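Q: Can you keep this structure in mind? I'll have questions shortly.
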Amino acid sequence: MLELIKINDSIYKIETKLRFISMNNYLIFGSNHTILIDTGFVSSKKEILRFFEKNKIDISKIDIILNTHCHLDHSGKNKFMKSLTKAKLMIHEKDRAAVESIDGLKKQAGSFADEFEEYWKQRLKWWNFEGGCKVDKTIIDNEIFDLGNHILKVIFSPGHTLGHCCFLLDEKILFAGDMGFESLWYGNARASLLDYINTYQRLISLNLKMVLSGHLDPVEEGIKEKYKSRLSQLLDRDNKILNLIENGHNTLEKLVKLHITVKNRSTNLADRLWQDYGEKNQISQHLDKLEHEGKIIKSQDKLVIKNNM
Ligand SMILES: [Zn+2]
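Here it is as structure tokens:
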């Protein structure tokens, strides 16, 4: 169900509420531009049109559509929203291919798509995904959009995907995409734990008054502390993994079975495959990091703690 929530005179949140999760897209009304951040509407086209009419939102005014990143819950209705407006679609170069074609999206999702194509397609169907949509312009770090009464700045924030961007309004309100306080996720083939860590460090350094993210309610209190705790949760996983290796869970397969980073309780097979896939990618990235830092070595398919050698 779609709902319009006023954040302030210039910002409105469009929320799609599902059973366990919400998808948030945002409208920013500036005097020079009207911007839509993300198009993750799960609703049908009819419902979306009815929603804009009911709320008397003149969507023809939207002249820029910004995608925080290529995941379907942020970009799935790009094509439809572009067809209703004269908006230019913009995203970072590194996520561009994934919104322009199914093939690009497949590469971004990784081998999950090759091994279990049928389940992957089920997910596309669930999102009413319509296929690719040409990107009109790519965006870069620190790029400025002058909205007249507001300034919106691109904060390149890779990790969750390689091209993830947040958008900073007037140096204080962050449109965070999936870099708010959502569950940690760097489980796609094209994700990067090291970038993710650097991005959290950058977000900690900003003086934010509000975080508006892809799936949660606005956060105004304790933002810096919350980001710091995210970062330590992420870094703690290294220690957890070292401990487990020491206690006999000394192969990638054994570690993945424990699901210490992605819960795997769903009864739906497509979800479970997805969660297994994410866990494997995430644990692999921690192992690469630990090996690079000289804390473990990979010896004859076994993981060995370096000071135990
Ligand atoms: Zn995402």
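Last residue of the sequence shown? That's 1346 in the working numbering, and every number before it is there in order. We put the CB at the ideal spot given by N, CA and C, even for glycine. All values reported here derive from a predicted model rather than from experimental measurement.
Just verifying my parser: in three-state terms, what is the DSSP assignment at residue 1136?
A: Taking the sequence shown and counting its residues from 1, the one referred to as residue 1136 is at position 99. Of the three classes helix, strand and coil, the one that applies to residue 1136 here is helix, per DSSP.
Q: Using a 10 Å radius around the Cβ and a threshold of 16 neighbouring Cβ atoms, would you call residue 1184 buried or exposed?
A: Mapped onto the sequence shown, residue 1184 falls at position 147. Buried, since its Cβ has 16 or more Cβ neighbours within 10 Å.
Q: For residue 1339, tell me which candidate among 1158, 1286 and 1310 has the shortest Cα-Cα distance.
A: One-based indexing of the sequence shown puts residue 1339 at position 302. If we check each option's Cα against that of residue 1339, 1286 comes out closest.
Q: What does DSSP give as the partner residues of residue 1425 in its beta bridges?
A: Residue 1425 lies beyond the stretch modelled for the chain, which goes from 1038 to 1346, so this question has no answer here.
Q: Nearest to residue 1146 by CA position, among 1179, 1039 and 1197, is which residue?
A: Numbered from its first residue, the sequence shown carries residue 1146 at position 109. Here the closest residue by C-alpha is 1197.
Q: Quick one: measure Cβ to Cβ for residue 1212 and residue 1105, integer angstroms, because I've assumed they're closer than 8 Å.
A: In the sequence shown, residue 1212 corresponds to position 175, counting from 1. In the sequence shown, residue 1105 corresponds to position 68, counting from 1. So it is a contact: roughly 7 Å between Cβ atoms.
Q: For residue 1312, count neighbouring C-beta atoms within 10 Å of its own C-beta (all shown protein chains included) and say buried if the count is 16 or more, exposed if not.
A: The residue given as residue 1312 occupies position 275 in the sequence shown. So residue 1312 ends up on the buried side.
Q: Thinking C-beta only, is residue 1120 closer than 8 Å to residue 1075?
A: If you number the sequence shown from 1, residue 1075 lands on position 38. If you number the sequence shown from 1, residue 1120 lands on position 83. Taking 8 Å as the Cβ cut-off, residue 1075 and residue 1120 do not qualify as a contacting pair.
Q: Near ligand 1, which residues have their beta-carbon less than 5 Å from any of its heavy atoms, given in chain order?
A: Result: 1108 and 1215.
Q: What does the Cβ neighbour count give for residue 1157, buried or exposed, with the cut at 16 atoms within 10 Å?
A: As a first step, residue 1157 must be located in the sequence shown, where it is residue number 120. Buried, by the Cβ-count rule.
Q: Return yes when the Cβ of residue 1310 is within less than 8 Å of the Cβ of residue 1153, no when it is not.
A: Indexing the sequence shown from 1 puts residue 1153 at position 116. Indexing the sequence shown from 1 puts residue 1310 at position 273. Yes, the pair counts as a contact, with Cβ atoms nearer than the cut-off.
Q: On the DSSP letters alone, give me the boundaries of the alpha helix (DSSP H) that residue 1307 sits inside.
A: Walking along the sequence shown from the start, residue 1307 turns up at place 270. Run containing residue 1307: 1306-1329, per the alpha helix (DSSP H) assignment.
Q: Per DSSP, residue 1041 forms a beta bridge with which residues?
A: The residue labelled residue 1041 in the question sits at position 4 within the sequence shown. For residue 1041, which the question treats as bridged, DSSP gives the partners 1051.
Q: Which whole-angstrom value is the C-beta distance of residue 1180 and residue 1172, which I expect to be below 8 Å?
A: Here residue 1180 corresponds to residue number 143 of the sequence shown, with the count starting at 1. Here residue 1172 corresponds to residue number 135 of the sequence shown, with the count starting at 1. So it is not a contact: roughly 14 Å between Cβ atoms.
Q: Can you pull the DSSP bridge partners for residue 1063?
A: Indexing the sequence shown from 1 puts residue 1063 at position 26. Its beta-bridge partners are 1050 and 1074.
Q: My guess is that residue 1263 and residue 1256 are in contact by the Cβ rule of under 8 Å, so how many angstroms apart are they, rounded?
A: On the sequence shown, residue 1263 is found 226 positions in, with the first residue counted as 1. On the sequence shown, residue 1256 is found 219 positions in, with the first residue counted as 1. At roughly 7 Å, the Cβ-Cβ gap stays under 8 Å, so residue 1263 and residue 1256 are in contact.
Q: Is the CB-CB distance between residue 1167 and residue 1116 below 8 Å?
A: Indexing the sequence shown from 1 puts residue 1167 at position 130. Indexing the sequence shown from 1 puts residue 1116 at position 79. Yes, these two residues count as a Cβ contact at 8 Å.
Q: Consult DSSP for residue 1002 and reduce its assignment to one of helix, strand or coil.
A: Coverage of the chain is limited to positions 1038 through 1346, which leaves residue 1002 absent and any answer about it impossible.
Q: Going straight from the alpha carbon of residue 1267 to that of residue 1237, what length do you get?
A: Along the sequence shown, read from residue 1 onward, the residue named residue 1267 stands at position 230. Along the sequence shown, read from residue 1 onward, the residue named residue 1237 stands at position 200. If you take the alpha carbons of residue 1267 and residue 1237, they lie about 8 Å apart.
Q: Output the boundary residues of the beta strand (DSSP E) element that contains residue 1190.
A: Indexing the sequence shown from 1 puts residue 1190 at position 153. Residues 1188-1193.
Q: Just to confirm my understanding: we take residue 1233, look at its own chain, exclude 5 residues before and 5 after, and list those with CB closer than 6 Å. What are they?
A: In the sequence shown, residue 1233 corresponds to position 196, counting from 1. Here the set comprises 1196 and 1223.
Q: Might you give, ordered along the chain, the residues of its own chain that have their beta carbon closer than 7 Å to the beta carbon of residue 1136, omitting 5 neighbours on each side?
A: For the purposes of this step, residue 1136 is taken as residue 99 along the sequence shown, with counting starting at 1. Only 1104, 1107, 1112, 1115, 1128, 1169, 1170 and 1172 meet the Cβ criterion.
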